[in-house]
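Student:
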Amino acid sequence: MAEHDTDPEFDLEQFLPYLLNQAAEATSRSFQAVYVDLYGMTRTQWRVMANLGKFGAMTAKDICDISHIEKSKVSRAVSTLESAGFLLRTPSEDDRRAEFLSLTEQGMTVFRDLGHRANEYDRKLRADLGEQISNELIHLLGMLMKR
Numbered sequence: 059m060a061e062h063d064t065d066p067e068f069d070l071e072q073f074l075p076y077l078l079n080q081a082a083e084a085t086s087r088s089f090q091a092v093y094v095d096l097y098g099m100t101r102t103q104w105r106v107m108a109n110l111g112k113f114g115a116m117t118a119k120d121i122c123d124i125s126h127i128e129k130s131k132v133s134r135a136v137s138t139l140e141s142a143g144f145l146l147r148t149p150s151e152d153d154r155r156a157e158f159l160s161l162t163e164q165g166m167t168v169f170r171d172l173g174h175r176a177n178e179y180d181r182k183l184r185a186d187l188g189e190q191i192s193n194e195l196i197h198l199l200g201m202l203m204k205r
C-alpha cells in the first residue's frame, strides 16, 4: 500500500497556512475599520504609510519587498496618498527611474494618529488573549517567519 493511502483526507480548515491566513485576515479586518472610517484608506494605503512612518523615505520597490505587496497595488496606493497630500515623491539623484517616497507633515500626523490607534488595538488584542498566550504566539510567529 502506498504511503499516501494512509494519509488522512486533506482538511483545509485544519491546514496551518490556511488558519494563519484566516487569523491574519480577521485581525486585519477588525483594525481596518479604524483607518477606513477615519481616513477612507485601503489596507494597502495604510501599510504604505506605516512603512514610510517607521522606516522613513524609501522607494516603492523597498515597500514591496518589506511588506510583500504587489507592485501595482503599491503604485495605486502611492498615487492616492500623494493626491491626498500624505505622501511626497522625490526623484533619486542616482537613478532617474527611481523615486523616494516620504510622508508629508500631514501624512506624519495621520501616521502618528493611526499608530496610536494601532497600539491601542494591539494592547486590547493582547489583553483578550492574555499575556502568556500573546507571548507564546509572538514567539511562534517569529519562528515561522524565520523558516
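Just add 58 to wherever you are in the sequence shown, counting from 1, and you've got this note's numbering. In this text, a Cβ means the ideal position worked out from N, Cα and C, and glycines have one as well.
Quick check on this structure: which residue in L78, V94 and W104 has the alpha carbon closest to the alpha carbon of E140?
Tutor: Position 82 of the sequence shown holds residue 140. The shortest Cα separation from E140 among L78, V94 and W104 belongs to W104.
Student: Which same chain residues end up closer than 7 angstroms to S133 when comparing Cβ atoms and leaving out the 5 residues on each side of it in sequence?
Tutor: The residue labelled residue 133 in the question sits at position 75 within the sequence shown. Excluding positions up to five away in sequence, the list reads A118.
Student: Identify whether T148 lies in helix, strand or coil by the three-state DSSP scheme.
Tutor: Taking the first residue of the sequence shown as 1, we reach residue 148 at position 90. It is a strand residue.
Student: CA-CA distance, T162 and C122?
Tutor: Residue 162 sits at position 104 when you count from the first residue of the sequence shown. Residue 122 sits at position 64 when you count from the first residue of the sequence shown. Those two C-alpha atoms are separated by around 20 angstroms.
Student: Counting C-beta neighbours from all protein chains within 10 Å, is the total for T102 16 or more, i.e. buried, or is it exposed?
Tutor: The residue you call residue 102 lines up with position 44 of the sequence shown. Classification of T102: buried, given that the 10 Å Cβ count is 16 or more.
Student: How about Q172 and L159: are their beta carbons less than 7 angstroms apart?
Tutor: Residue 172 sits at position 114 when you count from the first residue of the sequence shown. Residue 159 sits at position 101 when you count from the first residue of the sequence shown. Reading the sequence as shown, one finds Leu at residue 172 and not Gln. For L172 and L159, no; Cβs fall outside 7 angstroms.
Student: CA-CA distance, M166 and L198?
Tutor: Along the sequence shown, read from residue 1 onward, the residue named residue 166 stands at position 108. Along the sequence shown, read from residue 1 onward, the residue named residue 198 stands at position 140. Straight-line Cα distance between these residues: approximately 32 angstroms.
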